[in-house]
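This report refers to the structure that appears directly beneath it.
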Amino acid sequence: MLYRSNTGVAFARCLALSVAALGLLAASAPVCRAADTDASAASEAMPAGASVDTESGTISLIDQKNALIVVTVPGRDDLSFSVKDHPDVLEVVKVGDKLTTHFMEPYVTGLTPAGGAAVTRLTHTAKITQHSSGADNENFQVLRVFSGVAQVTGVDRKLNLLTVVDKSGTARSVRVSRPDLIEVMQTLKHHSHVKITYESEMTVIVAR
């Protein structure tokens, strides 16, 4: 599980929350930040499932009590992980370790018209699905899930790419590949509201 915090104060505030309620990644993650035209161009060049963004940093804090790891990323907000479901991770990483995160292209798993429902901020959850150790590095696979009510700002029917904006005002362009969801996407109009769920996988590598 992961989330972003802008400052040490914000991070401390997050520690007071239950792990289940933690924000797991900023809604403005680079992989979902593209506007309509930029997202279409990127999608043509990047196949589904490919890495579309990478961040590198250094582990700056390990909170054993709350099972949290904080990574300092130059020029960006701290990247923080909750490893409560995988406590063994805390035994194989240390402050000062170099970490690289590869974000994969997101894909829609749920899409329904929301009528007059109010637009919300998309909630974020994440789960470590795999952990493997090597001679030179530690590898983690993380599945992120985003969901909420958003407003449609673009429908690229050629590329099956849907662009929505949530209450924060952040634009997200997400691939639609399931046939049943493509049918729903085809009916959507500009400014219509939808209940959307999408997922994105990420690979985290801690080098030795």
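If you count by mature numbering (1 follows the signal peptide of the UniProt record, and there is no 0), then the sequence shown holds residues -34 to -1, 1 to 174, one letter each, in order. In this text, a Cβ means the ideal position worked out from N, Cα and C, and glycines have one as well.
### Query
Which partner residues does ARG141 have in the DSSP bridge list?
As DSSP reads the structure, ARG141 sits in a beta bridge with TYR73 and LEU127.
### Query
Taking the alpha-carbon positions, what's the ASN105 to VAL85 distance?
Their Cα atoms are separated by approximately 36 Å.
### Task
Could you check what DSSP says for GLN152 in three-state terms: helix, strand or coil?
Correct three-state label for GLN152: helix.
### Query
Exposed or buried, what is ARG123 when buried is set at 16 or more other beta-carbons lying within 10 Å of its beta-carbon?
By the neighbour-count rule (16 or more Cβ atoms within 10 Å), ARG123 is not buried but exposed.
### Query
How about LYS155 and VAL115: are their beta carbons less than 8 Å apart?
With respect to VAL115, LYS155 sits apart: the two C-beta atoms are not nearer than 8 Å.
### Query
Are the stretch 90 to 102 and the stretch 128 to 135 in contact at 8 Å, needing three or more beta carbon pairs?
A contact between stretches requires three or more CB pairs, one per stretch, nearer than 8 Å, and the stretch 90 to 102 fails this requirement with the stretch 128 to 135.
### Message
Quick check: the Cα distance between THR78 and ARG87, rounded to an integer number of angstroms?
### Response
Near 17 Å, if we compare the C-alpha coordinates of ARG87 and THR78.
### Task
For the beta strand (DSSP E) containing ARG110, list its first residue and its last residue.
From DSSP, the beta strand (DSSP E) with ARG110 extends over 103 to 122.
### Message
Measuring alpha carbon to alpha carbon, tell me which residue in ARG141, LEU27 and ARG110 is nearest HIS90.
### Response
The residue with the shortest Cα to Cα distance from HIS90 is ARG110.
### Message
If distances are taken between C-alpha atoms only, which option among THR75, SER113, GLY82 and ALA92 comes closest to HIS159?
### Response
Residue nearest to HIS159 within the set THR75, SER113, GLY82 and ALA92 is GLY82 (criterion: CA-CA distance).
### Message
Just to confirm my understanding: we take GLY76, look at its own chain, exclude 5 residues before and 5 after, and list those with CB closer than 6 Å. What are they?
### Response
Its chain contains THR163 as the residues whose beta carbon lies nearer than 6 Å to that of GLY76, once the 5 sequence neighbours on both sides are disregarded; these appear in chain order.
#### Entry: Where PRO145 falls, given that 16 or more other Cβ within 10 Å makes a residue buried
In summary, PRO145 is exposed, with fewer than 16 beta-carbon neighbours lying within 10 Å of its beta-carbon over all protein chains present.
#### Entry: Cβ-based neighbour list, GLN117, same chain, cut-off 7 Å, excluding 5 preceding and 5 following
Excluding residues within five positions, the ones whose Cβ falls inside 7 Å are VAL85, VAL130, VAL131, HIS157 and HIS159.
### Message
Which same chain residues end up closer than 6 Å to ALA(-8) when comparing Cβ atoms and leaving out the 5 residues on each side of it in sequence?
### Response
With a pLDDT of only 34 at ALA(-8), under the threshold of 50, the placement of this residue in the model should not be trusted, and no figure is reported.
### Task
Tell me, to the nearest whole angstrom, how far the beta carbon of GLU21 is from that of VAL39; I am working on the premise that it is less than 8 Å.
About 5 Å; that satisfies the 8 Å criterion.
### Task
Identify whether VAL37 lies in helix, strand or coil by the three-state DSSP scheme.
Correct three-state label for VAL37: strand.
### Query
So, PHE47 versus MET168, is the Cβ gap smaller than 8 Å?
No, these two residues do not count as a Cβ contact at 8 Å.
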